[in-house]
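Undergrad: Before I ask anything, here is the structure I am working with.
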Amino acid sequence: MTQALQIGLSLLSFLICFPLWTVQTPSARIGDGNAIVSDWVHPGRDGKLVYSSTPSGDKIIDFSYAGYMGGGVALPDVPVMKTVKPSGGTDDTELIQKAIDEVAALPRINGFRGAVLLAPGTFTCSKTLTLSASGVVLRGSGSGAGGTTIKMVGEKHCAIVIGATARAQRSTQEKSLQTNITDAYVPSGAQSFTVAESEGFAVGDTIVIHRPTTAAWLKLMQMDNLKRDGERQTFIATTRSGQTERRIKAIDGNRITVDVPLSDSYDAKYLNPPGTIVTKSNLSAPVSQIGIEKIHIQCPPLEIKYTDAPYSAIRVGGDDCWVNDVYCEETMNTTEVSGNRVTMQQIVVKHTYPNLGASKPSDFSIQGCQILIDRCKASGGNTYFVWTGSLVSGPNVVLNSSFSGYGSRLQPHQRWATGLLFDNCRVPDGGIDFLNRGVAGSGHGWTMGWGVAWNCLAKTYVIQQPPGSYNWAIGCVGERQQTARLFDTSPILPEGTFDAFGNNVAPQSLYLAQLEERLGPQASKNVGYTSNTKGLLEDKTLAKLPDLRHDEDPELGKDVAMYRPVNASGIRGTTREFGAEKALDGNPNTYWATDNGTTPATFEVDMEGPVVVGAAEICEAAGFEGRVLEYRIEGQVDSDWKLLSQGTTVGKRKLDRFPKETVWKVRLTIMKMKEYSAVQKFSLYMK
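So in the numbering used here, the last one in the sequence shown is 806, and the numbering has no gaps at all.
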C-alpha cells in the first residue's frame with residue numbers, strides 16, 4: 120500500500136468517526152466588545168443573547184428560572200410574631216417547636232403567617248425542628264459570633280426540616296387526564312411541543328411530562344451492558360420514567376407552550392413505544408413560602424465515615440422556599456432540596472476532618488427542580504460538594520460558590536439528571552465532572568446530560584458526551600482529563616464540548632445575563648448582584664491548598680496509594696486509632712489493626728480514577744511482624760476483580776511486583792493471621 124493511499128484511508132476513517140458537523144460546532148472568538156465569547160451563548164450587537172443550536176435544534180437552556188419564585192425575586196422580610204430565648208437547660212427542642220407551631224396556627228396575610236425569632240445564644244436540640252405549615256420563617260439572630268447557635272446533641276437526626284419529600288409526593292399522583300407528545304423530536308431548551316389532543320388542558324394547569332425508559336434508549340446510551348463482579352447492574356429500570364413538572368403558558372390548537380424550558384430532549388425514535396406522556400397534575404402542592412435564616416448549626420467534629428455520622432443540617436421539601444445565611448459546622452450530608460423553586464444562599468459548610476471511606480457524602484444535594492445555590496462555601500476532604508439525584512430535571516444552578524478540600528468534587532451523582540449549570544464556581548483542589556459513572560454504586564451510569572460549566576476554576580475536568588446529548592465546559596480554567604466509564608479500562612469516552620478553555624468568556628455569569636434578559640436589570644439586584652463582572656463574582660479569599668507530600672521510593676517512584684479513600688472490613692476497637700486510613704498516611708507510628716482472628720480481613724483502596732500499577736508494598740507495624748500468614752492483592756479491572764499477587768508472610772517489608780494493570784480500586788485481603796494483623800504501610804507504585 121502506498122503512503123498516499125494510507126493517508127487517504129486514514130483521513131476517510133477520521134471523517135467517518137467524526138462527522139463534519141461535529142468539527143464545525145460553534146467555538147470561542149473575539150466578540151464585538153473585544154472580549155472572548157462563545158458562539159454557544161454570547162451577547163449580540165443589540166446586547167441580547169444569541170444562542171447556537173446543535174444539528175437537532177438543542178441549545179443551552181435558559182437557566183434563569185432557577186431560584187425562589189422562579190428566579191429574580193428578592194427574598195421576603197417576614198415580620199416576627201414570636202421570640203424564643205435559650206432556656207439554659209439540656210434541651211430546647213420542644214421550646215422552639217412550640218413557638219413554630221403557634222405561629223403555624225396564625226392566619227396567612229399576603230402569604231405569610233410570621234417569623235419565629237431565636238434570640239442570641241445557644242439552643243441545645245436533641246431532635247428535628249419541623250416547619251410543616253406554609254408561610255412560616257425560622258430566623259436566628261446571626262450565623263456568626265454573637266448570633267444564634269443550634270447545638271445538636273442526642274440520637275441521629277437532621278437539625279431543621281421543611282415539609283416532606285416533595286418528589287415522593289408528586290410521584291404518586293393519579294393520571295386523570297393524559298395525552299402523548301407527537302413531535303418526532305423535542306430539543307433540549309424548547310418551551311413548546313405538540314400533543315395528540317389538548318382538549319381538557321387549560322392555561323395555568325400544572326402538567327407532568329413523563330419521559331419513558333425504553334430498551335431502545337438504554338441501548339443508545341450503552342447502559343444495557345452494565346456488569347459488576349459478573350452481576351448485571353440496572354441503570355434505570357424500564358418501569359421508571361423521568362418526570363418534569365411544568366405549568367401551561369399557552370395553547371394553540373394542539374401546540375402547548377410551558378413556562379420553563381425543558382432540560383432534556385425527547386426523541387420519538389428511542390422513546391416509542393410507549394412514547395412521551397403528558398398528564399394533568401391533580402395533586403395539591405406541598406408546603407411553600409417557608410424560610411430558614413441567620414442560624415449557626417453546630418455539632419462536634421468527628422473523624423468518621425458519613426454513613427455513621429449522626430447529624431445533618433437542613434432538608435427542604437417545600438416549593439418556593441429559601442435558606443439564607445446559615446453556617447453548618449461539622450454536619451454530614453448537610454443539605455438536601457427536593458422541592459421546586461428554592462434558593463440556598465450564603466450557606467457555609469465546614470468539616471474539620473475529611474470523610475472517611477471510599478463512599479462520599481454531599482453537602483448540597485439537588486433532588487428538585489429550579490434550585491439556585493448561590494454564594495455558598497464548603498470545605499472538607501473526600502466529599503461531593505454538590506450532586507444530583509436520579510432523573511432530576513433542571514434548570515438547576517450553582518452560582519458564584521467556592522469549595523475547598525482534597526479529593527472533593529462537583530459531580531452529578533447518578534442516573535441521568537439533566538440541565539445543571541455550574542456558573543463561576545471554584546474548586547481548586549478537586550474536580551468538576553459530567554461523566555459516566557458506569558457500575559459505580561449499583562449502576563449509576565450516565566450522571567448528566569445538557570450540563571454546563573461556565574467560567575469555572577477547577578483542578579481537573581472530566582466532561583463527557585452522552586450519546587444523543589451534549590455537555591459543555593465554556594470559559595473554564597483547569598486540566599482536561601479523559602477516561603473510560605468508571606471501573607473500565609476502555610474505550611475512552613468522547614469528550615463533551617470544551618470552548619475557550621483556559622480563558623473566561625463574556626458574559627461573566629451566564630445565569631445573571633439570562634436573568635437580566637428575561638426580567639430586566641432589577642432582577643439581578645433583587646438577588647444581590649449589582650453588576651455582572653469578574654470583580655464582583657471572584658472569590659479573593661479562596662486559596663489553593665498546598666500539595667500533599669507523597670513518599671518517593673528511589674527505585675519505584677511515587678506512592679500512588681497515599682491519602683486515598685479506603686474501606687476496611689473492620690478495625691480494632693471502637694475509635695479511629697487503628698483505622699484503615701492509618702496505613703496510607705505516611706506516618707511510621709500509625710497502623711491499621713483488626714480484631715483478634717478476624718479473617719478474612721479486607722482493605723480496599725479507591726484510586727479515584729484509572730491508575731496504572733505494577734508493584735505493591737506491605738509493611739507490618741514494628742513489634743507485630745509475622746502476624747500475617749496469607750494474603751492476596753486484587754485490582755478492579757473492567758468492573759471485575761483481578762488477582763495481582765498473593766503471598767504468605769509479610770514481615771517488616773514485602774514488595775510484590777506484577778504485570779502492570781490499569782486499576783480503579785485495589786483490595787488487600789488477609790486470609791490467615793496470628794492473633795490480629797497490624798499493617799503499618801500499604802503502598803502502590805506504577806513501576
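For glycine and all other residues, C-beta sits at the position ideal for the given N, C-alpha and C.
For Q600 and I593, I'd like the C-alpha separation in whole angstroms.
TA: Taking the sequence shown and counting its residues from 1, one reaches residue 600 at position 481. Taking the sequence shown and counting its residues from 1, one reaches residue 593 at position 474. Approximately 15 Å, taken between the alpha carbons.
Undergrad: In the region 348-393, which residue ranges form an unbroken beta strand (DSSP E) of at least 3 residues, counting only runs that do not cross its ends?
TA: Runs of the beta strand (DSSP E) inside the region 348-393: 360-371, 374-377.
Undergrad: Compare the Cα-Cα distances from L638 to each of S175, A680, G189 and report the closest residue.
TA: Against the sequence shown, residue 638 aligns to sequence position 519. The residue with the shortest Cα to Cα distance from L638 is G189.
Undergrad: Rounded to the nearest angstrom, what separates M792 and Y503 at their Cα positions?
TA: Taking the first residue of the sequence shown as 1, we reach residue 792 at position 673. Taking the first residue of the sequence shown as 1, we reach residue 503 at position 384. Looking at the two C-alpha atoms, the distance is approximately 36 Å.
Undergrad: Ignoring anything shorter than 3 residues, give me the beta strand (DSSP E) runs that lie fully in the region 196-270, in order along the chain.
TA: Segments of the beta strand (DSSP E) lying fully in the region 196-270: 199-203, 233-237, 240-244, 248-250, 255-258.
Undergrad: Of all the beta strand (DSSP E) runs that stay within the bounds of the region 575-601, which reach a length of 3 or more residues?
TA: Counting only runs of 3 or more, we get 576-582, 590-593, 596-599.
Undergrad: Relative to the alpha-carbon of I179, which residue among D552, G538, R772 has its alpha-carbon at the smallest distance?
TA: Here the question's residue 179 lines up with position 60 in the sequence shown. Nearest C-alpha to I179: G538.
Undergrad: I'd like the span of the beta strand (DSSP E) that includes P707, first residue to last.
TA: Reading the sequence shown from its first residue, position 588 is the one you call residue 707. Looking at the DSSP string, P707 is not in any beta strand (DSSP E), and its letter there is neither H nor E.
Undergrad: From C244 to T454, what does the alpha carbon distance come to, in whole angstroms?
TA: In the sequence shown, counting from the first residue as 1, residue 244 sits at position 125. In the sequence shown, counting from the first residue as 1, residue 454 sits at position 335. Straight-line Cα distance between these residues: approximately 18 Å.
Undergrad: With H, G and I counted as helix, E and B as strand and the rest as coil, what does DSSP make of Q641?
TA: Translated into the one-based positions of the sequence shown, residue 641 becomes position 522. Correct three-state label for Q641: helix.
Undergrad: Can you tell me where the beta strand (DSSP E) holding W811 begins and where it ends?
TA: No information on residue 811 is available, as it lies outside the stretch 120 to 806 that the chain covers here.
Undergrad: Drop a sphere of 10 angstroms on the beta-carbon of L667, count the other beta-carbons inside from all chains shown, and report buried for 16 or more, exposed for fewer.
TA: As a position in the sequence shown, residue 667 is number 548, starting the count at 1. L667 is exposed by the Cβ-count criterion.
Undergrad: Suppose you measure from the CA of T173 to the CA of Q341; what does that come to, to the nearest Å?
TA: If you number the sequence shown from 1, residue 173 lands on position 54. If you number the sequence shown from 1, residue 341 lands on position 222. The alpha-carbon atoms of T173 and Q341 are separated by roughly 22 Å.
Undergrad: Please report how far the alpha carbon of F697 lies from the alpha carbon of R691, in whole angstroms.
TA: Along the sequence shown, one-based indexing puts residue 697 at 578. Along the sequence shown, one-based indexing puts residue 691 at 572. If I take the Cα positions, the gap works out to 6 Å.
Undergrad: Of the choices W441, G437, D196, whose alpha-carbon is the least far from that of G233?
TA: Within the sequence shown, residue 233 is the residue found at index 114, counting from 1. Taking only the C-alpha atoms, the option nearest G233 is D196.
Undergrad: CA-CA distance, C495 and S484?
TA: Start at 1 with the first residue of the sequence shown, and residue 495 comes out as number 376. Start at 1 with the first residue of the sequence shown, and residue 484 comes out as number 365. For C495 and S484, the distance between alpha carbons rounds to 13 Å.
Undergrad: What are the start and end residues of each continuous beta strand (DSSP E) run of 3 or more residues lying completely inside the region 389-468, in chain order?
TA: Those beta strand (DSSP E) runs which fall completely within the region 389-468 and span 3+ residues are 396-399, 410-417, 430-436, 441-448, 454-456.
Undergrad: Name the residue from T333, G458, Y446, W569 whose alpha carbon lies nearest to the alpha carbon of Q464.
TA: As a working note, residue 464 is residue 345 in the sequence shown. Of the listed residues, the one whose Cα sits closest to Q464 is Y446.
Undergrad: Please classify A147 as buried or exposed, where buried requires at least 16 other C-beta atoms within 10 Å of its C-beta.
TA: As a working note, residue 147 is residue 28 in the sequence shown. Buried.
Undergrad: So, for T812: in the same chain, excluding its five sequence neighbours on each side, which residues have a beta-carbon less than 8 Å away from its beta-carbon?
TA: Residue 812 is absent from the structure shown; the chain starts at 120 and stops at 806.
Undergrad: With a CB to CB cut of under 8 Å and the five nearest residues on each side skipped, what residues in its chain are close to P473?
TA: Walking along the sequence shown from the start, residue 473 turns up at place 354. Once the five neighbours on either side are set aside, the close Cβ partners of P473 are G499, G500, N501, T502, G524, Y525, G526.
Undergrad: By how many angstroms is the C-alpha of N623 removed from the C-alpha of L803?
TA: Counting from 1 along the sequence shown, the entry for residue 803 is found at position 684. Counting from 1 along the sequence shown, the entry for residue 623 is found at position 504. Cα to Cα, L803 sits roughly 38 Å from N623.
Undergrad: Can I490 and A154 be called in contact, C-beta distance under 8 Å?
TA: Against the sequence shown, residue 490 aligns to sequence position 371. Against the sequence shown, residue 154 aligns to sequence position 35. Taking 8 Å as the Cβ cut-off, I490 and A154 do not qualify as a contacting pair.
Undergrad: Please identify the residue among G562, K167, A619 whose C-alpha is closest to the C-alpha of I149.
TA: As a first step, residue 149 is located in the sequence shown; it is residue number 30 there, counting from the start. Comparing Cα-Cα distances from I149 to each of G562, K167, A619, the minimum goes to A619.
Undergrad: For T426 and P684, what's the separation of their Cα atoms in angstroms?
TA: Taking the first residue of the sequence shown as position 1, residue 426 is located at position 307. Taking the first residue of the sequence shown as position 1, residue 684 is located at position 565. Going by the C-alpha atoms only, they are around 14 Å apart.
Undergrad: Since I believe V732 is in contact with K779 (beta carbons under 8 Å), could you give me their beta-carbon distance rounded to a whole number of angstroms?
TA: The residue given as residue 779 occupies position 660 in the sequence shown. The residue given as residue 732 occupies position 613 in the sequence shown. Confirmed, Cβ separation roughly 7 Å.
Undergrad: Using the C-alpha atoms, what's the distance from P626 back to Y648?
TA: In the sequence shown, residue 648 corresponds to position 529, counting from 1. In the sequence shown, residue 626 corresponds to position 507, counting from 1. Distance between the alpha carbons of Y648 and P626 is about 14 Å.
Undergrad: Which of the three DSSP states is assigned to Y630 in this structure?
TA: As a first step, residue 630 must be located in the sequence shown, where it is residue number 511. In this structure, Y630 counts as helix in the three-state DSSP scheme.
Undergrad: Taking 8 Å as the cut-off, decide whether the C-beta atoms of H563 and R528 are in contact.
TA: Within the sequence shown, numbered from 1, the residue matching residue 563 stands at position 444. Within the sequence shown, numbered from 1, the residue matching residue 528 stands at position 409. No; because the gap between Cβ atoms is not below 8 Å, this pair is not in contact.
Undergrad: With 16 other CB atoms within 10 Å as the buried threshold, where does G191 fall?
TA: Your numbering for residue 191 matches position 72 in the sequence shown. Result: buried.
Undergrad: Quick one: grab the DSSP three-state call for M805.
TA: The residue labelled residue 805 in the question sits at position 686 within the sequence shown. The answer is coil: DSSP assigns M805 none of H, G, I, E or B.
Undergrad: Between S628, V322, G372, V730, which lies nearest to I681 when the distance is taken from Cα to Cα?
TA: What you label residue 681 is simply residue 562 of the sequence shown in a count that begins at 1. Note that residue 681 is Met in the sequence shown, not Ile. Residue V730 is the option with its Cα nearest to M681.
Undergrad: If I measure Cβ to Cβ from D302 and keep anything under 8 Å in the same chain, skipping five residues before and after, which residues do I get?
TA: As a first step, residue 302 is located in the sequence shown; it is residue number 183 there, counting from the start. So the list reads F312, T313, Y385, A387, once near-sequence residues are dropped.
Undergrad: Please report the distance separating the alpha-carbon of P145 from that of G437.
TA: Position 26 of the sequence shown, counting from 1, holds the residue named residue 145. Position 318 of the sequence shown, counting from 1, holds the residue named residue 437. Their Cα atoms are separated by approximately 39 Å.
Undergrad: Just list the residues that DSSP pairs D725 with in beta bridges.
TA: Along the sequence shown, one-based indexing puts residue 725 at 606. For D725, which the question treats as bridged, DSSP gives the partners K784.
Undergrad: Can you give me the start and stop residues for the beta strand (DSSP E) that L664 sits inside?
TA: On the sequence shown, position 545 is the one that residue 664 refers to. Element bounds for L664: n/a, residue is neither H nor E.
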